[in-house]
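First to last, the protein sequences are chains A and B.
Letter by letter, the first sequence follows residues 4 to 197 in my numbering.
Letter by letter, the second sequence follows residues 2 to 89 in my numbering.
The C-beta atom is built at its ideal place from N, Cα and C for all residues, glycine as well.
Notes to accompany the following structure.
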Amino acid sequence: MQPPAEHVHWLFATGVLFLGLVLLAEAIVGRDVWRRRAWRAYLWPALLFGLGVFMWPVMVFFTNSTMHMLAHSVWAQSMMLAGAAELGLVSGRLKNEAWRLCVPLMFAVSGAAFLIHEANPWLYSRSAFVHHACGWILLLGALFPLGAAFKPRSWVFAGGYALVIVAVSIALFTSRDVAPVFGHLDPSAGVAHR
Amino acid sequence: MTQYATDLARTRTRRSARAVAVLALGPAAVAAGIAWALFQPWRLTMLHPYDQGFWWLLVEPPLLVVAAGVLFHAFVARPLVHDLEDHR
């Protein structure tokens with residue numbers, strides 16, 4: 004009854020896409036308008052925290068290797084930490100603005116987790132390519148939330164942050180268990196399917 | 002047109018740029034999902050449900066993209082634009 008890995012990627016891609024749309028909307032209207040309704044201020048930090056919670060079943064059920072388990076668990080923790088820190092800042096329970104650095108940290112950890120738990124090279128298969136692409140998008144994209152932590156009202160940093168999330172979502176939707184990428188599929192990867 | 006009416010028209014034009022951008026996000030996601038479904042119809046297993054497994058029937062990625070766009074538009078974008086117009 005365990006879902007194929009590609010389905011898990013697509014489910015996460017949906018959550019990440021919604022998160023990206025929410026961040027993009029906040030970047031467009033600005034923080035003042037965004038926070039005119041209290042629930043909206045909590046929306047994306049709660050989504051981030053929830054995605055971290057849902058990463059735990061992935062860690063438990065997808066035990067391809069120890070590296071997979073460690074990467075997924077570190078990833079889950081960093082997403083929950085970033086979501087919780089933002090929730091704390093929004094609610095006013097956390098005062099120090101340095102907590103905003105949890106989001107770029109999460110980006111860096113997520114990017115590293117993508118890269119570390121992908122043992123194969125870029126063109127081994129579609130899945131390998133997607134993991135490498137997501138890893139580098141997140142590692143380089145960490146500069147946007149890092150900038151936003153210091154200049155929270157900057158449209159460039161907020162918009163870039165949102166677009167990085169949308170880009171990761173698109174990459175995740177292209178994930179397949181065994182499929183070629185740019186015409187390449189290593190024979191050891193198995194037989195390609197739909 | 003009176004001075005008052007002219008100012009209103011200018012204000013409405015200024016308002017619309019952000020509002021239109023926010024209101025376009027959901028439909029853009031929906032359009033992307035529909036385009037994907039047309040480009041790869043075999044991803045919609047509801048169109049050919051026989052001999053499909055549980056997960057293949059449950060998780061249909063083009064529909065997930067459409068759902069994300071619809072939910073965002075209905076529950077986030079529309080109230081947000083309402084607040085945006087009130088704010089100005």
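Nearest chain A C-beta to L72 (chain B) closer than 8 Å, yes or no?
Within the second sequence, numbered from 1, the residue matching residue 72 (chain B) stands at position 71. Yes, contact with chain A.
Are the C-beta atoms of A75 (chain B) and some chain A residue less than 8 Å apart?
Reading the second sequence from its first residue, position 74 is the one you call residue 75 (chain B). It does not: the Cβ of A75 (chain B) has no partner Cβ on chain A nearer than 8 Å.
Tell me whether the segment 139-151 of chain A and the segment 159-171 of chain A touch, counting them as touching only if at least three CB pairs, one residue from each stretch, are closer than 8 Å.
yes
Nearest to A30 (chain A) (by Cα), restricted to the options B:A33, B:G34, B:A25 and B:R19:
One-based indexing of the first sequence puts residue 30 (chain A) at position 27. Minimum Cα distance to A30 (chain A) is reached at B:R19.
Below 7 Å CB to CB, which residues in the same chain sit around E9 (chain A) once its five sequence neighbours on both sides are set aside?
The residue you call residue 9 (chain A) lines up with position 6 of the first sequence. The answer, listed in chain order, is S178, R179 and D180.
Closer than 8 Å at the beta carbon, the chain A residues around L81 (chain B):
Position 80 of the second sequence, counting from 1, holds the residue named residue 81 (chain B). Residues of chain A passing the Cβ test: A28, V32, V36, W37 and R43.
Determine the direct distance from the alpha carbon of F57 (chain A) to that of L175 (chain A), and round the result to whole angstroms.
Working through the first sequence from its first residue, we reach residue 175 (chain A) at position 172. Working through the first sequence from its first residue, we reach residue 57 (chain A) at position 54. Looking at the two C-alpha atoms, the distance is approximately 16 Å.
On the three-pair Cβ rule with 8 Å, is the segment 119-135 of chain A touching the segment 60-79 of chain A?
yes
Just how far apart, CA to CA, sit D189 (chain A) and L126 (chain A)?
Walking along the first sequence from the start, residue 189 (chain A) turns up at place 186. Walking along the first sequence from the start, residue 126 (chain A) turns up at place 123. Straight-line Cα distance between these residues: approximately 8 Å.
Check the C-beta distance from G86 (chain A) over to A49 (chain A) and give it rounded, since I have them as a contact under 8 Å.
Counting from one through the first sequence, the residue named residue 86 (chain A) turns up at place 83. Counting from one through the first sequence, the residue named residue 49 (chain A) turns up at place 46. About 7 Å separates the two Cβ atoms, so the contact holds.
Per-residue contacts from L65 (chain B) into chain A (C-beta, under 9 Å)
Residue 65 (chain B) sits at position 64 when you count from the first residue of the second sequence. Those are W13, L14, A16, T17, L20 and F176, listed as they occur along chain A.
P63 (chain B) vs L45 (chain B) beta-carbon contact at 8 Å:
Locating residue 63 (chain B) in the second sequence gives position 62, counting from the first residue. Locating residue 45 (chain B) in the second sequence gives position 44, counting from the first residue. Going by C-beta atoms, P63 (chain B) is nearer than 8 Å to L45 (chain B).
Measure from the C-beta of L24 (chain A) to each C-beta in chain B and report whether the shortest distance is under 8 Å.
Counted from its first residue, the first sequence places residue 24 (chain A) at position 21. Chain B contact via Cβ: present.
Under a Cβ-count criterion, where at least 16 other Cβ atoms within 10 Å of its own Cβ denotes burial, should W158 (chain A) be classed as buried or exposed?
Working through the first sequence from its first residue, we reach residue 158 (chain A) at position 155. Burial call: exposed.
Cutoff 8 Å: H88 (chain B) Cβ touching any chain A Cβ:
Looking up residue 88 (chain B) in the second sequence gives position 87. Output row for H88 (chain B): interface = yes.
Beta carbon proximity, D52 (chain B) to chain A, threshold 8 Å
Within the second sequence, residue 52 (chain B) is the residue found at index 51, counting from 1. At least 8 Å separates the CB of D52 (chain B) from every CB of chain A.
Would you say P60 (chain A) reaches chain D, if we count a Cβ-Cβ gap shorter than 8 Å as a contact?
Checking the listed chains, one finds no chain D in this structure; the protein chains it contains are A and B.
Do S128 (chain A) and V184 (chain A) come within 8 Å of each other at the CB atom, strictly closer than that value?
In the first sequence, counting from the first residue as 1, residue 184 (chain A) sits at position 181. In the first sequence, counting from the first residue as 1, residue 128 (chain A) sits at position 125. Contact flag set, yes.
Can you name the start and end residues of the alpha helix (DSSP H) that F198 (chain A) belongs to?
No statement about residue 198 (chain A) is possible, as the shown extent of chain A runs from 4 to 197 and does not include it.
By the 10 Å Cβ neighbour count, where 16 or more other Cβ atoms means buried, how is T17 (chain A) classified, buried or exposed?
Reading the first sequence from its first residue, position 14 is the one you call residue 17 (chain A). Burial call: buried.
Is there a Cβ of chain B sitting closer than 8 Å to that of R40 (chain A), yes or no?
Numbered from 1 along the first sequence, position 37 holds the residue referred to as residue 40 (chain A). Chain B contact via Cβ: present.
Does the beta-carbon of S81 (chain A) have 16 or more other beta-carbons within 10 angstroms, so that it is buried, or is it exposed?
Within the first sequence, residue 81 (chain A) is the residue found at index 78, counting from 1. With 16 or more Cβ atoms within 10 Å of its Cβ, S81 (chain A) is classed as buried.
Please report the straight-line C-alpha distance between G162 (chain A) and V32 (chain A), rounded to a whole angstrom.
As a working note, residue 162 (chain A) is residue 159 in the first sequence. As a working note, residue 32 (chain A) is residue 29 in the first sequence. The straight-line gap from Cα to Cα measures roughly 11 Å.
Could you give the C-beta distance for F21 (chain A) and F76 (chain B), rounded to a whole number, given that I count them as a contact under 8 Å?
The sequence position of residue 21 (chain A) within the first sequence is 18, counting from 1. The sequence position of residue 76 (chain B) within the second sequence is 75, counting from 1. At roughly 10 Å, the Cβ-Cβ gap does not stay under 8 Å, so F21 (chain A) and F76 (chain B) are not in contact.
Compare the C-beta of L26 (chain B) with all C-beta atoms of chain A and state if any pair is closer than 8 Å.
For the purposes of this step, residue 26 (chain B) is identified with residue 25 of the second sequence, where counting begins at 1. Closer than 8 Å: yes.
State the Cα-Cα distance for the pair N99 (chain A) and V31 (chain B), rounded to the nearest angstrom.
Here the question's residue 99 (chain A) lines up with position 96 in the first sequence. Here the question's residue 31 (chain B) lines up with position 30 in the second sequence. Cα to Cα, N99 (chain A) sits roughly 39 Å from V31 (chain B).
Contained alpha helix (DSSP H) runs [length at least 4] in the segment 128-161 of chain A, N- to C-terminal order:
129-144 and 146-153
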